[in-house]
Amino acid sequence: MPKDTHVINSESSTMPKTQNDIILSAQNITKIFPGTVALDDVSFDVRKGKVNVLIGENGAGKSTLMKILAGVQPPTSGKILLDGKEIHPRSPLEATRLGIGMIFQELNLCPNLSVVDNIFLAREITRRDGLIARRAQKKRATELLTKLEQKIDPDKLLGDLRIGEQQIVEIAKALAQEVRILIMDEPTSALSASEVEVLFRVIRELKSRGVAIIYISHKLEELLQIGDYITILRDGFKVADEVASNTDVPWMIEKMVGRNPAALFTREERQLGNILLKVENLTMPRLGGGFALDHISFDLHEGEILGFYGLMGAGRSDLVNCLAGAQLQTAGEIWLNDELITTKDVSGRIDAGFMLIPEDRQRYGLVQTLSVKDNMLLASLKNYFNGFFLAHKQENVATEQQVKDLSIRVANPNQPITALSGGNQQKVVVGKGLLTQPKVLLLDEPTRGIDVGAKSEIFEIMNNLASKGYGVVFISSELKEVLAMSDRILVMSKGKITGEFSHQEATEEKLVAASAIGHGPSIGGNHRG
Amino acid sequence: MDKETKTNSEQLKKQRKITKTDVQQFLLRGRTFIALFLVLAVFSTLSPQFLGIGNVVIMSKHVAINAILAIGMTFVILTGGIDLSVGSIAGMTAMIAGGLINEGIILPQLGIIIYPHTWMVIVISLAAGTLMGAISGWIITRFNVAPFIATLGMMYIARGMAGLRNNGYTFPNIIGRAEYGNTGFELLGTGSLLGINYSIWIMIAFALIAYFVTSRLPFGRHVFAIGGNEDTAELSGVRVYRTKVIVYSISGFCSAMVGLIIAAQLVAAHPATADTYELSAIAAVVLGGTSLSGGSGGIGGTLIGAFVIGVLVDGLNILGVSSFWQKVIKGAVIVLAVIIDQVQRRMQERIALQEQQEID
Chain E
1 MPKDTHVINS
11 ESSTMPKTQN
21 DIILSAQNIT
31 KIFPGTVALD
41 DVSFDVRKGK
51 VNVLIGENGA
61 GKSTLMKILA
71 GVQPPTSGKI
81 LLDGKEIHPR
91 SPLEATRLGI
101 GMIFQELNLC
111 PNLSVVDNIF
121 LAREITRRDG
131 LIARRAQKKR
141 ATELLTKLEQ
151 KIDPDKLLGD
161 LRIGEQQIVE
171 IAKALAQEVR
181 ILIMDEPTSA
191 LSASEVEVLF
201 RVIRELKSRG
211 VAIIYISHKL
221 EELLQIGDYI
231 TILRDGFKVA
241 DEVASNTDVP
251 WMIEKMVGRN
261 PAALFTREER
271 QLGNILLKVE
281 NLTMPRLGGG
291 FALDHISFDL
301 HEGEILGFYG
311 LMGAGRSDLV
321 NCLAGAQLQT
331 AGEIWLNDEL
341 ITTKDVSGRI
351 DAGFMLIPED
361 RQRYGLVQTL
371 SVKDNMLLAS
381 LKNYFNGFFL
391 AHKQENVATE
401 QQVKDLSIRV
411 ANPNQPITAL
421 SGGNQQKVVV
431 GKGLLTQPKV
441 LLLDEPTRGI
451 DVGAKSEIFE
461 IMNNLASKGY
471 GVVFISSELK
481 EVLAMSDRIL
491 VMSKGKITGE
501 FSHQEATEEK
511 LVAASAIGHG
521 PSIGGNHRG
Chain R
530 MDKETKTNSE
540 QLKKQRKITK
550 TDVQQFLLRG
560 RTFIALFLVL
570 AVFSTLSPQF
580 LGIGNVVIMS
590 KHVAINAILA
600 IGMTFVILTG
610 GIDLSVGSIA
620 GMTAMIAGGL
630 INEGIILPQL
640 GIIIYPHTWM
650 VIVISLAAGT
660 LMGAISGWII
670 TRFNVAPFIA
680 TLGMMYIARG
690 MAGLRNNGYT
700 FPNIIGRAEY
710 GNTGFELLGT
720 GSLLGINYSI
730 WIMIAFALIA
740 YFVTSRLPFG
750 RHVFAIGGNE
760 DTAELSGVRV
770 YRTKVIVYSI
780 SGFCSAMVGL
790 IIAAQLVAAH
800 PATADTYELS
810 AIAAVVLGGT
820 SLSGGSGGIG
830 GTLIGAFVIG
840 VLVDGLNILG
850 VSSFWQKVIK
860 GAVIVLAVII
870 DQVQRRMQER
880 IALQEQQEID
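Same order as they appear, the protein sequences are chains E and R.
If you count by this note's numbering, then the first sequence holds residues 1 to 529, one letter each, in order.
If you count by this note's numbering, then the second sequence holds residues 530 to 889, one letter each, in order.
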């Protein structure tokens, strides 16, 4: 059975480096959904061997355009040319056959299958007798993962991996497909800084082999690092098309949102209050030995935004899960307003004043079958319970208040939650948390995968809360966000706090250096290390 | 139909002119009602005595039994679970009640036999059924056993215990004796208020309570949340384990009630009481639009679903359709209902997205 798996290594140097070589061209694409125009006469060229960046706020039409290119939906009008010939991909499978692959933002993997099975799903390598060639698959999977500098065991169940690792597998899956055009929708949203570095090396290698990359991301700084051409969409229109070297972040933000980018971060100087939360020797054992949290101690003041930075798996999420009561096997003392917290479970901790806004919004933040209103009220139902029944009036008042305060864009609070954009869904989750009247709000990557406008709104909400005297714990993997928003930053590595910086003293270099303490010289790359 | 979708559709109509999709939506949302109406219309034209008083009473009594089981089942299915043990628990409680009335509680050490009062018999039997449900719920949550397996086990255990109670024999003539003060049990099956059989009143009461619980109590909201996304519910402070145990207890309680009603109607407790009734109950829930994967649906739909099945079966019987054809028709109706349910869901999603895009 002939296979061109070997092409990857042999062809890399022979590929001619033609500049501005347009491989895929979407021309005058219009997509009309009933009642709305998602794309209005948009043309988009994809150049061979380049990273073609596409940016825009949520709802600008990026995803629609990508779905059209990947064969998920047909355009209402306009045509797609591949190598100058018109194509009509009718399904993702057909698009893959034409050489167009896509890495989806919402991970498109099966948690119940192993890493190998996921990488080769629907493209299994088979032996002559029709059985799956397990050994060949495993070998190939190991090669791909090695290329991505990951120590992921290919036989491990996907569901047992952390989100960042799952994203790496998603990337490996796309690499295994030998595509000529690779669409990456927010590939770095769950990756740590070192993993992003690895991904960028892989992208550069793919470029050198002539693969055209279409790259979608909300992280504007990294676009300048990796992008070659930048196309910006706003409200279904193309508003800019520019060579990346001629652009900078403020220009991009201005084009995207059509307003001044200075308003993105809105941190204000605040007077900190008394110590609100005191954590002493919080410890959590890790399955298979060692500690996920290793004697963590810190304080949080009233009105303080306390940033937590660290690599994937440093223990930041474990820490907030512990505080929220979602982890049971813990030791250590937690004092809130000088009172020792003794309840262990989530509902007890919510009553005490802790509320977690979880990292994985879809899995832990939302109930997809419920309406916006029911999602928002879920954690605070007893406030509307008058002893006999839930008072609809109070429920509606609370919902409308949050919709207004957080400026959630929703046609009607009885809409299913799934109809909202990511940013608005996140605001619903935040609203749910605020309705429990917490004292300490634990935000785990609250800006992950949402657009610039929604991000700045989330930051504004954080500021408001802090100025009202809430304690805010803010986890983010984006250095710029942590640096801009936090009054104080704690850096974690391997379950320990490895650095503490005030807003004034913190710099990107210091945070990165502290986050690497305890790791070997080559992070993630040392097998059996 | 559940209240929320109703207010939702009302608001929709206020905002826009009535369009073709609105009409389609209305027809799809009201499909179980329409189905019930159609079935009633067809049978009453084909058979004049179908809507006669006598037949309606018999029909409602049949429906009541299935509806009460289905009400309990709705809670379970809303959390994303399933309860296969309802028929067996009904059988077991029937045997417990029959035994208590005919044989009493024998205390060999003291050499006496206690005959509990009829009310005590009912309370003990209901408690036993509830306990069996609670055990299922405990096994499901404490040991993380799939609901299908845990309740499958409970189905066999309860049915086995029903047989063990009297070595597989029936407790006949369970009317009690005046000198023991345990008479009147059969009234539960035969008695009536305002000309309507007690079992129908019980169904109405259970349905009203269940509707109230699902729509107006925090507990009901928790049930929906668990079915939609258990992890989120847990992190929002919902006591998932406790809620689930209660849900299976409710199902056990409803099963026990059915066991008592059947025993009272027959004036005898048979160990095979309510055999395979769990399947009809599940069918009624699904027909009523509650999703088997949990999180959406409601009591109103279940009640109508139970009526559709009951009317269908009785109507076909009156028309003399063979029992084999009856099964074919029943199966087709259930599958068709679920297909329509999926179509409606997809349509609703599309409409919601459109509405949202208009303001985004």
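From the three backbone atoms N, C-alpha and C, an ideal C-beta is built for every residue, glycine too.
Rounded to whole angstroms, the gap between the alpha carbons of TYR470 of chain E and TRP335 of chain E is 15 angstroms. Between ILE790 of chain R and SER728 of chain R, the C-beta gap is smaller than 7 angstroms, which places the two residues in contact. At a cut-off of 7 angstroms between beta carbons, SER765 of chain R contacts chain E. For ALA352 of chain E, no chain R residue has a Cβ inside 9 angstroms of its Cβ, as the nearest lies near 11 angstroms away. Taking a beta-carbon distance threshold of 7 angstroms, THR761 of chain R counts as an interface residue toward chain E.
Its Cα nearest to that of THR343 of chain E, the residue E:CYS322 stands out among E:CYS322, E:LEU65, E:ILE22.
Taking a cut-off of 8 angstroms for Cβ pairs, the region 305-313 of chain E and the region 462-478 of chain E touch, as three or more such pairs fall below it. In this structure, DSSP gives SER493 of chain E an extended state, which the three-state scheme calls strand. A contact between stretches requires three or more CB pairs, one per stretch, nearer than 8 angstroms, and the region 581-588 of chain R meets this requirement with the region 832-852 of chain R. Residues of the region 671-692 of chain R that bring their beta carbon within less than 8 angstroms of a beta carbon in chain E are absent altogether.
Per DSSP, reduced to three states, the secondary structure at LEU511 of chain E is helical. Excluding five sequence positions before and after THR761 of chain R, the CB atoms of its chain that fall closer than 8 angstroms to its own CB belong to ALA754, given in chain order. For chain R, the residues of the region 406-436 of chain E that bring a beta carbon within less than 8 angstroms of one of its beta carbons are ARG409, VAL410, ALA411, ASN412, ASN414, GLN415, PRO416, THR418, ALA419, LEU420, SER421, LYS432, THR436, in chain order.
By the rule that beta-carbons nearer than 7 angstroms mark a contact, LEU882 of chain R touches chain E. Nearest in C-alpha terms to SER43 of chain E, of all of E:ASN28, E:SER493, E:GLN394, E:ILE32, is E:ASN28. When the Cα atoms are used, ASP21 of chain E and VAL243 of chain E turn out to be separated by approximately 14 angstroms. Ranked by Cα distance from ASN424 of chain E, the first of E:GLN437, E:ARG140, E:THR447, E:GLY99 is E:THR447.
Residue pairing of VAL169 of chain E in beta bridges, as defined by DSSP: absent, with no partner found. When the Cα atoms are used, GLY830 of chain R and THR772 of chain R turn out to be separated by approximately 22 angstroms. Annotated three-state conformation of PRO577 of chain R is helix, per DSSP. When rounded, the separation of the alpha-carbon atoms in ARG162 of chain E and SER407 of chain E is 32 angstroms. In the DSSP assignment, GLN362 of chain E forms no beta bridge with any residue.
Residue contact with chain E for ALA623 of chain R: absent (no Cβ-Cβ distance below 7 angstroms to any residue of chain E). Taking all protein chains shown into account, TYR229 of chain E has 16 or more neighbouring C-beta atoms within 10 Å of its C-beta and is therefore buried. Shown here, THR680 of chain R sits in a helix according to DSSP, grouped into three states. Taken in chain order, the region 652-712 of chain R contains no complete beta strand (DSSP E) segment of 3 residues or longer. Taking each of E:SER194, E:ALA60, E:GLY353 in turn and checking the Cα distance to LEU442 of chain E, the smallest one comes out for E:GLY353. Taking 7 angstroms as the threshold, the shortest C-beta distance from GLN368 of chain E to chain R falls below it. Annotated three-state conformation of ASN28 of chain E is strand, per DSSP. Just so you know, the alpha carbons of SER380 of chain E and LEU93 of chain E end up roughly 45 angstroms apart.
If you draw a straight line from the Cα of SER194 of chain E to the Cα of LEU311 of chain E, it is about 8 angstroms long. Residue environment for ILE643 of chain R: exposed (fewer than 16 other C-beta atoms within 10 angstroms of its C-beta).
At a Cβ-Cβ threshold of 7 angstroms, GLN368 of chain E and GLY756 of chain R do not count as neighbours.
The three-state secondary structure of TYR727 of chain R, taken from DSSP, is helix.
Contact check for ALA663 of chain R and TYR777 of chain R: beta-carbon distance about 6 angstroms, within the 8 angstroms limit, so the pair qualifies.
Taking a C-beta distance under 7 angstroms as the contact criterion, GLY627 of chain R and ILE703 of chain R qualify as a contact pair.
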